[in-house]
Structure formats: C-alpha cells, structure tokens
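Participant: With our numbering, the residue at position 322 of the sequence shown is 344, and numbering never jumps.
Here a beta-carbon is modelled for each residue, glycine too, at the ideal position from N, C-alpha and C.
It should be emphasised that the depicted structure is a prediction, and the values quoted were computed from it without experimental measurement.
Before I ask anything, let me first share the structure, which is written out below as structure tokens.
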Amino acid sequence: MADFSQLALQFVLTDDSDARAQIADKAAQLIKSSPKNTHPVARWVESIGPWMPGKEDPSMADATEGSKGDIIARAKGEVLREISQLYEFNIDFYLSALEFLAITLERLDDDVLIAAHIKLLVTFFGAMFSVDHKAGILASAKALTTISSMKAFPASSGYDIIKNVCAMGNDFTKQVADTRLAIFNLFQRLVTDPRVSKDLRTRHSDCDFMTDMLELFGNERDPKNLIAWFSILVTLSSEYDPSSDLTEKIFSAYSAYFPISLRTSRHPSGITAEDLKVALRRCFAADDRVASHAVPYLIQKLNQGDGITVDVKLDILRTLKECIVNYKNPTASVDPYVSKIWNCLKYEVRNGEVTETINATLDVIRSMTTRLAGEPLRNFVLTVLRECTDDLSNAAYTEKAGKLLVCTASASPGAFSLIIAPTVKHAVENLRHAEARDHKRDILALLNSILGVRSLFVEGGLDLGKEDKDAIESSESVLQLLYDDAYKQSLHSDPTVSKKAVEGMGLLASQASVSSIHALLLNDEALHIIASALIDLLTDRLSDVVDEVVVALQRVVMVWPPALDALLARIVDVTKSLDGTEDSVDYLVRLTSRLAFIACSELPRSPESTFDYLTKLASQLVQSLDNLLTTSERPSRLWTVYPAALQSALRYFRDALNNKFEVDTTSLEFPESVSADTWAEQQFEQGDNTPEQLYNRFFLISLHFIRLLYRRSTRLVATDGLTRLALSEEIAKQGPASDQWRDQYLHLISSVATLTVQQMSQAQQSQLRLYEDVATLFRGRDKDPGGGDLEYRDVVLKPVQDLSVYGTGDLGNLPPASAREQRFPIALSLGILQPLYPKVVESLFETGFGQEFIVSKLLVSADEGDHGQQRLGYFLLILANKYKIETIPKVLALAEHQLGAITSGGEVLGASSQSTNTRASLAKEIYGLIAGVLQRYTGSSLEGVFAHLLKGPANTELGHVLARDFDVLFRPHECLTKEFRATVKPLWPQKAYVKLVKPMLPLAWPKKSDSQASDVVLANYSIAILSAIPHLDYTIYRDDAADLVRLILCVLRNLPVGVDVETALRVLETITKESTNVLEPFLKSIIDSCTSIMTSSGPQPDDRRMAKVSARCRNLAILLLGYLPGRYEDRHLLGSVPRMERLLSVACGDRVREVRKTALAAKLVWANVK
C-alpha cells in the first residue's frame, strides 16, 4: 500500500475530482488500518510539508511523535526536501495539499481520531487563518467543520477555533463568498453543538467570542451568507446569555440590515428577498431580551409615514407580528408596548387605503390581543371600544372601526366576551340613525362579523372558561333582539343593505346557545319568523338577494328542521300555481336546484338526522313527479325538472360526505343482512354512524328512490304469451314534442341511476345483483302477468335456447322470433349497465342472457327510431367492452356473416327486409359492438371482422354510410372511460390504426394497374380514413402524414364543400401545426385548394345547416393560409402574395364575423412576406 507522501503527491498532481476522491479514500483507509505506534495521523499531516510555505514549523516537529532518531523518517525527510526544491512554493500546490487533508477527513469515520489527534489538527488548521497566504482558508474551514462533528472533539476546542478564525480580522472580507460561507457554516456548527455551547456558556460567560464574531462578520453582504449569519445571531440571542450591552450590539448587528431587499427578484444562489426577510425576522423575534430594542425600533420605523413604501411597511408589520407571537413572556415583552403599538397601528387601519397593509395591521393587533390576559387585556379592550364605537356614527369611518372591533374580538374568547355586548348596542343604536346606504351596510357587516366570531368560539370546540362563558351568555339577550332591532328594518331596503341583512338573519338563526351547543340561541317562534321571511324572499321571482337567501336558509335548515318542512310546503304551493309556460318552468328549475342545495349541500348538525333532509326532499320530489305524470296530457319539459333536482340533491349529498370523510368506496361491502331480495323493503334512515355505514346507507337510500322512479316509468305487459317491460301509459302518451321531452325525461332518470351505481364497489353491485336490474328495471320480483307463479326476472333472464348452442359457430340454430323482441326500454337499462364492473357484467352471460341479447340484435335492426338505435348501439358497445364477446363462437360467426353480407351484398340473416336502410341500421349496431371490443382487444380472433370492415367502403350502395361509420370505431365514447369501469388499453388507437386505417391508404387513390377503380369507391375510402384520423394523436399517423396530405388534397379538389371537406381541413390543420417538413412539397396545391374553398359559391340562404358548415370551411381554409408564412421561408410563398392580398381583402368582408376575424389576422401575416 502506498504511504502518505506518495498519496499526497498523487493528489497534488491531479486535477480530476474523481481521482482525488479515490486518493482521499486510500488515505483514510491507511489511517484506519495503520498501527497506532506508527503515528499515522502525524505522518499524514507531515506528508504535505513540501508544499507548505516557509521552513518546518518547530511545533510540528515537536508534535511528530517518535520521529527523531528514526533513520527511515530522516531518509524520508531528505526525499521531501528534494521534492520541495523541485516544487518551489506554489499557491495551487499549497491549496491542493490542504484539500488533501480536508477531503481525507470527510472520508474518515467520526470515531477514528482521538482527542490528541483532534487537538493537533485544530492547532494545524487554526494556524492557517493567521499565515500570510489565504488560499487555504476554504479547505481549512471545511476541515475544521468535519473535525468538530467527530465524537472525540473536545468541547474546549470550539472556543480555540473561534478565536483562531476571528484572528483573520479585515482579511475575512477579502475572501470570496463561498469561502466566507464555509466559515459561517463552521461557526453555525460550533454554536449549535450542545457540548461546545455548554463550554462557551460556562467557561466564557463574558461572551467575548461574540464580540469577535460581530466584528468579523459585521460587513457581510452576500445573500446566502447572510442567511447563515442571521441563523447564528438567532442562536446567540436565544441559546446564550449575553449581557444587556452585548444584546444591544447583537441587535445592532442585524437591525442594520432592516429593511432588507435584493436588487433582483432572485439571487443566482436561489435565495429570494422573501427568504432574507424571513431570516431577519427570526432575529428580531429570537428572544424576549431583544424586545426592549426591537419593538420601539419597529414602531419608530413605522412612524416614518409616507417615507416608506408599501413593501417596507408590510415587512415591518410582519416582523412586529413575529415578535409578538414568539416572545415567550408577554408580560415583560408585549404588555409594556401595547399602548404604543395601538396608537401607531390604529391609524394604519383608520386612514389606510392599501388593503394589504390594512390586513397586515389587523393581523398584528389580533396577535397582540391574543397574548394579553387579565387587567392588560381589559384595559386594551376598553381602549378599543372607547375609540372605535365613536367612529360608528361616522359613515366615513364605520367600516374601518368595524374591522378593528372584529379583529380585537376574534383574538380570544376573553376579548370577545368583553367586546360583544357594547359593540352590538352601539351598532344597533347607530343603525337606527343611519341614513346612507353604505353606512347601513357597514354597520350590518359589523354585526354579521360579530355573529360569525361568536359561532367560532361557541361551536368551534374551544374550552371556554367560566368567566368567559358567563360573559358571553349575559350578552345573549342583546343578540336575541337583533332581528327586530336591526335586520327586519333593513330587509326590504336597497339590495346592498338587504344582502347584509339576509346574511345576518342566517347567522343569527344558526347561533347555538353557549350553555349547550345542542340548544339554539333563538326560540322556535323567532326561528319561524326568520325562516318565513327568508322563504318569502326565496320564492319571490323579482328578489335581488336570492343567492344570499339560499346561503342563509341553508344555515337555518341545518340547525332547525322545521324550516325545511315549511320550505317544502311553500314550494308545493308555488308549483300548483304555475301555468306551464317556459318562464314558469325556468322558475321551477331554479327553485328546485336551490332547494337541493339548501337541503343537501351540508350534513345536518345532528348525526341522528344525517339522512332526514335527503329523504324528505327526495320523497317530495318523487311525489310531485308522480302527481305531475298522473295529471299531464303528454310529456313536457316540466317532467324533467324533478329528476334533475333529485340528481342535484344526490350529488350535493355525495360531495358533503366526501368533504367530511375520506372513504375508499371501491372496497365497501354491505352488511350480510342486505341482499338483492330484501334491500328494497328495509329501513335505512337509522343505523350506525361510522363513515362506511353512512356511505352504505346513502347508496341504499339513493337506490330506493331510483327504484321508485324506474317503477313509476315502466309497466309489465303480456301480449301473445310474451311478457315485456314497456313504458308506463302516462309516459307513452303522444303529443307535440312529446318524443323530445320523453327522451330527456328517461335520460335524466337513467343518469340518476348511473350516479349512484357508479359510486358502489364491485362487491356491492354483485351483492344486490344489479346486473339483473339491467333487464328487469327493478321489477324483477314482480309476478309475471303472463300467468304462472314465476317472477319476472326468472322469465326475462332465462334464455329461450339452451346455453350450449352459443358454444358453436353454427348459424343454423338461431333464437326464434320471440327472443328477438325488445323486452325492456334500453334508455333506462343503460343507466344501470353503464357503471357496472366488468366482473358484474359477466353474470349476465353466465345465465345466457347476454349471448341471446347480442345474437338477437345482430339478427334484427332497431325499430325505435334514431334515438332508440343510438341507445342500442351504446348498449352493445358497453356489453362488448366489459365482456369478451369474441370468445363466444356464435356471436363472432354471426357478426362476421352479417357484416360480410352487408359489405358484399349477400343475404342478411333474420331481417324481414333486405333493404338498404335495414342493412345500414344493422351495420351501425355491429360497428358499435366492434368499437367496444376494439378498445380492449388483444389477439387475432377478429381478423375476419376486420377484413369485412376494410371492404365496406367499396360497397356501391352502402359504401358512403359504412365509411362514415368508421367514426363510431375511433371516436371517444363517454361510456368507455375508467370512470364507468370500462376496459381501455393504452395503445388501442395505435393497434386500431394499423389494422383498420393504414391498409385503406393505398385504396384511397387510383393506381395505374387499377384503372377500373370507381371514383365513388376512392371517395368512400377517403371519407373512411378521414372519419378515423381526427380522433387519433398525430404521433400515431406521423409516418403516413405525406400520404394523408395527398389524400386530403384529392378530397378538397373533388368533393363539394361540406362535412367531409371540413374534416379534411381539420386534419390538415393538425398536420400543419405538428410538422412543417411534411407540407413543404405540397404548398402550392394547399394554397390552390384553400383559395378554391374561399371563392366557392356558398349554399342557398335557406339551408342554414350547410351555411354554417360552409362558413367553418372558409374559416379553416383562411386559418391554414395564415399558418404558412410563419412556418415556411418567404421564397416558397412569394408567388402567391398578390393573390393572397386580393382574396384575404375580400374575406375581410365576409358575412360571418369569425371568418372576418381570421382573414384579418391572416392578411397581417401575409403582409410580412417579402
């Protein structure tokens, strides 16, 4: 192993940091492994002798244990002298030599060196701060920092290090910032070390070392170093016991920096001005002994008035607050300065104009009041009352006086108990004589704030002392008169005043009695009066304060249940008087949505009443809906009001639960007593109040009302021996616009079901067998009206054929016609199916229902109109996504056959008609089925289906329809999201593109060898590609972008302006944004195509839909032209400039504003092409 001299030489001669670290590791290992009698530490220190300035230090020679008389040592000395002659003193070598020692120390374990070694090293490195050459200061400081953290470090050596370093004197300021920081870190390590600090306090009680430190560091300016220096000053002030004179010197050291700032918002080191302010703030608040200097100093700074900026004033106020909050003995450090602080700060609020400084001032006053107690608190509160209550009569100062009163009152229960009664009396008295609107508003705002503070103290769980409780209770009589004395007279004033009055009524009615939080401050009669007044305002169509009324009523209802009963009764009466006009329906929509918020946006105060309001409201909504359905002649918009209100109520209640509890609902389970056969008859309003049980009861209560809505909307009918679920007679009524409102009504009921089932866990969905209700719609236990003792679920869920027939691809054994009838309203079924877990959906296939349903729908097209077909498509899409239907041989074989028959013109099985419309309808259902599979698909079982899909656009009759149906395959479906438990593979778009889009690219334009290709077929393939591409990320089709541009240009040239052209332009816009290289070869063609669209004759004025499409196409074309100058060199565009100037000038006069706006922006861009 190399000796220390060799290692030192290697270290000095290399500049590589990694190599130096390895050498230091070897040296550290050599120190640990060498026998103690060989004196490794001394030899290690001696090894840097050749690079040290001057002759050998006699003290070091004496410290070299056993070296005299040692022949080997003398020989080694000769070698070192020869080396030193080769390397005459070099400052870089000197620095490297010291770094060798410092880095080696960092590699040593903290228990290797003994006290003698440490003292030797302290002497050695300490001497470095006094020699002429200062290059080794950084290494010495780091070495001493490492040494001071070792276990054997003598506490007395800390003082020696401080004295040695302080010997630098003025040379300290000549060091670079990083070197000074290392010294600061060393001192911080020493003064915070428990053993060193104890030694400094006991052996150096005069704290002379502090004086040396103050003189050494007094002129520091670097932000990073100041952070460390301020931290040291905090420690000196709080952990040591300096004399009063020395305390003043310490205070002067850091107060000289106040207020502190930076020339830039952030220093290169990352230090911000706020960091410096916070660090300096801690110095002021470090210890009570500083208070006699800090507080008068800050007050004097604050009294400079207009001479200080807002930022400086905020800094002073925040520093003053820090002092008040952190001083440990407020009697000695805060009480003596209360009057001075108040006299200084009250004008900052009274006459202040800057909101930030006013709020900061109020924070200081609040903090100061919090630290007061006993007689000082009483005297201060009386001072505040005396000076502020007089200002309540002056409209100009009422708001500021109110802020000071509320700030003081909110500081502590003791302050509040002293201030509440006089403040309320003076406010009421001044309100009687107030005439100005703003004056009344400010007085009411003060009263409201006092009530708000009282709620925090009485209901906030604070342990009020008997004296405070008695004082607050004695003021209750004053508060009980507030409605008559203050709010009642202001209720029908200017809206600005009325809003404050309404807010105050809600606060007053919700106040708890200080004697018991379960009792209210007001009696039932007063509560009834306030609730009635608020309900009157809520139901007043012309009210300007309805938002404030909603909040106030919500407060009242949460604490006084009779208010909800009165509100429900009033709304029922109002509903009876409505005339069914659009205005009346709009009014009812607003009213019921507000009702849902009032009753359900918060949980009642009493745990026993958690679900009372929800059940009352939901029962009333369902009852009102039932009455409406019974009396209505046909479906109308009014039907949609109550399901929407119920959905809002359930959402509000769910959010209220989520805000109060953190429960993972995906892991919940119902108790064993809850089952699919019994849950509907159980009572769930009462039970345990654990968070899990509350969620369970919420789900069951929600399902109860969903069940009522579903059953009210359906009926069981038996015709020709077939039992099916049909819409109830009232809902099936026909009339003007009845289909629109019927569909909207069914959708809303379905959405209510989705909202609840979606939140339930997989175990809960399975436990209640909700998969059965997909087909039974909560009528599963009803008797079959077709005869017999069977329940309806046994009829509808049992397949007509044996389950085994679906295990083969034989298409000769298909379900009979009776099995193909639609046996339940799809619109309502979707609400239950959509949020079910895939594992729950599997149960539908275990019985054979799922297989039979899909096969039946592949045999016959929907007969429910456009909306019915769309819902059926969604139903099949969800089933296909949540169950691997491709593993069912008959389903797969039938899908392939039907799709092949549609694309090639063969015979479609099971259809009563082979018409084009029948085939198109069936194709859309099959595309929906495939879309569900596509997003989770793996394997190769659908290759036959994909082949038929690729042939679809080539069909001469249905090609254009099948091409546009590619949109169904690729577009995002709301029902296929993680939120609704769908299975979606992350890379499904890439796989689908490769399987279905990429193969169509060569089919979308003619080839020389394919002269017989029809223009229609080519257009169909183009449309199919463009139907898919907008739903894909650019990165998926980036490699084929050039081919897509060619295809788009063909579409723009050959197809008339319409939806297909609009889609093509949108894809081209995406490619333009994502890549410039792709379009460069096509620039002229793009410009020609866009200008052709801009100049094409628009549609006839009476074709509004096409007029909008045409306007969007013109806008997109101009937008694309506007992109070009910023992305391509001018030489590519110069030839088109004259034409662009003319066309864009004309477009600036387009009849559509959006087009004009885009044209103007494009014209400005093209004007820069030179």
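Which residue from Glu-655, Ile-1115 and Thr-662 puts its Cα closest to that of Ile-771?
Facilitator: Thr-662
Participant: Which residues share a DSSP beta bridge with Ala-740?
Facilitator: Thr-745
Participant: Assuming Leu-951 contacts Leu-916 (C-beta within less than 8 Å), just tell me the rounded distance between them.
Facilitator: Between Leu-916 and Leu-951 the Cβ distance is about 10 Å, and since that is not below 8 Å, they are no contact.
Participant: Looking at the secondary structure, which residues open and close the alpha helix (DSSP H) in which Ala-30 lies?
Facilitator: 26–35
Participant: From Ile-45 to Asp-686, what does the alpha carbon distance come to, in whole angstroms?
Facilitator: 56 Å
Participant: Measure from the alpha carbon of Leu-1134 to the alpha carbon of each residue in Asn-1099, Val-1159, Met-1162 and Val-1174, then state which is nearest.
Facilitator: The amino acid occupying residue 1134 in the given sequence is Arg; Leu does not appear at that position. The shortest C-alpha separation from Arg-1134 is found at Val-1174.
Participant: Please name the residue in Gly-922, Asn-381, Thr-960 and Gly-927 whose C-alpha comes closest to that of Lys-906.
Facilitator: Answer by Cα proximity: Thr-960.
Participant: So for Glu-813, helix, strand or coil by DSSP?
Facilitator: strand
Participant: Please state the DSSP three-state secondary structure of His-540.
Facilitator: strand
Participant: For Val-877, name the three-state secondary structure that DSSP assigns.
Facilitator: DSSP places Val-877 in helix when its eight states are reduced to three.
Participant: Below 8 Å on the Cβ atoms is my guess for Gln-892 versus Ser-773; work out the distance and round it to an integer in Å.
Facilitator: About 16 Å; that fails the 8 Å criterion.
Participant: Indicate whether Ile-183 and Gly-148 have their beta-carbon atoms separated by less than 8 Å.
Facilitator: yes
Participant: If we call anything under 8 Å between Cβ atoms a contact, is Val-63 one with Leu-135?
Facilitator: yes
Participant: Quick check on the DSSP output: the alpha helix (DSSP H) that includes Gly-528 runs from which residue to which?
Facilitator: Per DSSP, Gly-528 belongs to the alpha helix (DSSP H) from 517–531.
Participant: At which residues does the alpha helix (DSSP H) containing Val-1039 begin and terminate?
Facilitator: 1037–1050
Participant: Take the Cβ of Asp-569 as the centre, count every other Cβ of all protein chains shown within 10 Å, and call the residue buried at 16 or more, exposed below.
Facilitator: exposed
Participant: Would you tell me roughly how many angstroms separate the C-alpha atoms of Ala-797 and Gly-1144, rounded to the nearest one?
Facilitator: 55 Å
Participant: Of all the options Ser-265, Ala-1181 and Ser-1158, which has the alpha carbon lying nearest to the alpha carbon of Leu-1138?
Facilitator: Ala-1181
Participant: Quick one: any contact between the region 755–768 and the region 804–819, if contact means 3 or more CB pairs under 8 Å?
Facilitator: no
Participant: Verify whether the separation of the beta carbon atoms of Val-913 and Gln-873 is less than 8 Å.
Facilitator: In this structure, Gln-873 lies closer than 8 Å to Val-913 by Cβ.
Participant: Which word fits Leu-258, buried or exposed, when buried means at least 16 other C-beta atoms lie within 10 angstroms of its C-beta?
Facilitator: buried
Participant: Sorted by chain position, which residues of the same chain lie with C-beta nearer than 6 Å to Arg-1060's C-beta, five sequence neighbours on each side aside?
Facilitator: Counting only Cβ-Cβ distances below 6 Å, and skipping sequence neighbours, we find nothing.
Participant: Helix, strand or coil for Ser-963? Go by DSSP, reduced to three states.
Facilitator: Reduced to three states, the DSSP call for Ser-963 is coil.
Participant: When you compare the CB positions of Leu-208 and Thr-145, do they come within less than 8 Å of one another, or not?
Facilitator: Contact: no.
Participant: Spatial neighbours of Asn-351 within its chain, please: CB distance less than 8 Å, with the 5 preceding and 5 following residues excluded, ordered by chain position.
Facilitator: Asp-310
Participant: I'd like the list of long-range same chain contacts for Gly-922, defined as Cβ closer than 6 Å, with 5 residues on each side in sequence excluded.
Facilitator: His-970
Participant: Using a 10 Å radius around the Cβ and a threshold of 16 neighbouring Cβ atoms, would you call His-455 buried or exposed?
Facilitator: Taking every protein chain shown into account, the CB of His-455 has fewer than 16 other CB atoms within 10 angstroms, so this residue is exposed.
Participant: If you run the structure through DSSP and keep just helix, strand and coil, what is Ser-535?
Facilitator: In the three-state scheme derived from DSSP, where H, G and I count as helix and E and B as strand, Ser-535 is classed as strand.
Participant: Among residues of its own chain, excluding the 5 on either side of Val-990, which ones have a beta-carbon nearer than 8 Å to its beta-carbon?
Facilitator: Gly-895, Lys-946, Tyr-949, Gly-950 and Ala-953
Participant: With H, G and I counted as helix, E and B as strand and the rest as coil, what does DSSP make of Thr-430?
Facilitator: helix
Participant: Quick one, are the C-beta atoms of Cys-429 and Ile-387 less than 8 Å apart?
Facilitator: yes
Participant: Looking only at C-alpha atoms, which of Lys-141, Leu-1071 and Asn-381 sits nearest to Gly-1111?
Facilitator: For the sequence presented, residue 1111 should be read as Ser rather than Gly. Ranking the options by Cα distance to Ser-1111, first place goes to Leu-1071.
Participant: Tell me which same chain residues have a C-beta within less than 8 Å of the C-beta of Ile-53, skipping the five on either side of it?
Facilitator: Pro-62, Val-63, Trp-66, Thr-126, Leu-130 and Val-134
Participant: I'd like to check one pair, Ser-415 with Lys-462: are the Cβ atoms closer than 8 Å?
Facilitator: no
Participant: Do Leu-725 and Thr-778 have their beta-carbon atoms positioned less than 8 Å apart in this structure?
Facilitator: yes
Participant: Are His-919 and Leu-901 closer than 8 Å when you measure CB to CB?
Facilitator: Judged by beta-carbon spacing, Leu-901 lies beyond the 8 Å limit of His-919, meaning their Cβ atoms are not closer than that value.
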